[in-house]
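Worksheet: one structure, shown below.
In this note's numbering, the protein residues as written are 57 to 301.
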């Protein structure tokens, strides 16, 4: 099973990726799956991503002219601008995103940053969701489980306040599930639960898969009906299990 099917992503519209580390890998897998089916896909960011990550998704396009040329030439592209100070890719002009969706039909957007940590708590200005997006996928790494929250979560002070625990607290499936489903956590700004999915990355073995199952059960307590996918994004056959209540 491919991720497009496992996550039950709409065939059209923007899919926004939020949460912890693994978003870039997920974006590239989704882009590859679309291209493998002969279907167009546009990658983008509303925050920052690395240049290498953007180029891996397709030719970099920051203007309408380059966008249209990329669509004529192939199935994929990455819509982004460049920040001179850091050299990182940033959000393209709104007209590029609007025209890009009409040209490609399907887009994947990194709408959150996590400093490569497996968990994330959003600041006031985060996440940068595209209005009217078709789906939001919250990503978390199972490597956070059993480790101190302060070491595994970007903006851990916000997560501690949200969850009512200290930075030394070991992350449990229940705590991870609550952060993922909280309206001040990864569910922030989503509104419609039908748009929301969770991808639990790093399900590399039976122990991790068992933890993913426990986390999925806790997610269903807070947001019944949420589609949860356990995956190992570094593996060729990356989808390990799909949990649907």
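Think of the CB as a built atom: it goes at the ideal place given N, C-alpha and C, for glycine as much as any other residue. Quantities reported herein were computed from a predicted structural model and do not represent experimental measurements.
Distance between residue j and residue i (C-alpha atoms, nearest Å)
i	j	result
residue 209	residue 184	19 Å
residue 259	residue 250	24 Å
residue 256	residue 112	23 Å
residue 239	residue 245	7 Å
residue 280	residue 128	43 Å
residue 247	residue 285	20 Å
residue 132	residue 96	6 Å
residue 121	residue 107	20 Å
residue 275	residue 269	10 Å
residue 299	residue 263	17 Å
residue 261	residue 85	20 Å
residue 94	residue 130	10 Å
residue 212	residue 168	15 Å
residue 35	residue 296	Beyond the ends of the chain as shown, which are 57 and 301, falls residue 35; an answer cannot be given.
residue 69	residue 91	16 Å
residue 292	residue 187	33 Å
8 Å Cβ cutoff met for residue i and residue j
i	j	result
residue 87	residue 195	no
residue 234	residue 253	no
residue 177	residue 214	yes
residue 65	residue 179	no
residue 237	residue 278	yes
residue 223	residue 201	no
residue 136	residue 110	yes
residue 57	residue 166	no
residue 71	residue 189	yes
residue 118	residue 150	no
residue 89	residue 60	yes
residue 287	residue 162	no
Opposing strand residues paired with residue i [DSSP bridges]
i	result
residue 97	132
residue 283	253
residue 175	209
residue 223	The partner list for residue 223 (beta bridge, DSSP) is empty, contrary to what the question assumes.
residue 116	134
residue 196	256
residue 105	145
residue 162	69
residue 75	195
residue 204	226
residue 297	286
Any C-beta of chain D under 8 Å from that of residue i
i	result
residue 153	Annotation note: the requested chain D is absent from the structure, which comprises a single protein chain.
Quiz item: What are the complete beta strand (DSSP E) segments, minimum 3 residues, inside the segment 120-144?
Solution: 132-135
Self-check item: Whole runs of the alpha helix (DSSP H) within the segment 226-271, excluding any shorter than 4 residues
Solution: 229-237
Quiz item: Does the segment 97-110 touch the segment 227-247, meaning 3 or more C-beta pairs lie closer than 8 Å?
Solution: no
Quiz item: Is the segment 169-176 close to the segment 146-156, with three or more CB pairs under 8 Å?
Solution: no
Quiz item: Is there contact between the segment 187-202 and the segment 62-82, where contact requires at least three CB pairs shorter than 8 Å?
Solution: yes
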